[in-house]
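Residue numbers 2 to 75, in this note's numbering, belong to the letters of the sequence shown in order.
Ideal Cβ placement from N, Cα and C applies to all residues, glycine included.
These numbers were taken from a predicted model, which means no experiment stands behind them.
The structure appears right after this line, and notes come after that.
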Amino acid sequence: MTWRVTVDTGLCISSGMCLGIAPGRFHFDESQHSTPVSTPTEPDEQIRDAAASCPVEAILLTDADTGTLVPLNA
Ligand code: SF4
Numbered sequence: 002m003t004w005r006v007t008v009d010t011g012l013c014i015s016s017g018m019c020l021g022i023a024p025g026r027f028h029f030d031e032s033q034h035s036t037p038v039s040t041p042t043e044p045d046e047q048i049r050d051a052a053a054s055c056p057v058e059a060i061l062l063t064d065a066d067t068g069t070l071v072p073l074n075a
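What follows is the structure in structure tokens.
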């Protein structure tokens, strides 16, 4: 499986939590909203942890092939 990582920049409040939880996987764009460094990507538990920890649930993980949501608590 390959994951597609999406951040809803309309929801992101720039807390920086995902950058701290998954170093190197997210960075801030010019508007200080988080964006994934690489997507699609191999399944990555730090990315999953970041998505599960986002205070506004702005990070969406889907199966890049099927579009199915990746569970955040697996
Ligand atoms: S944890 Fe969520 S709100 Fe915080 S920077 Fe990342 S995407 Fe934005």
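Using the C-alpha atoms, what's the distance from residue 28 back to residue 62? 16 Å
Measure the alpha-carbon distance for residue 35 versus residue 15 and round it to whole angstroms. 7 Å
Whole-angstrom distance between residue 42 and residue 23, CA atom to CA atom: CA-CA distance, residue 23 to residue 42, rounds to 13 Å.
Along the chain, where does the beta strand (DSSP E) containing residue 61 start, and where does it finish? In the DSSP annotation of this structure, the continuous segment of the beta strand (DSSP E) that includes residue 61 starts and ends at 60 to 64.
Cutoff 7 Å; reference residue 7; Cβ partners in own chain excluding five residues on either side: 61
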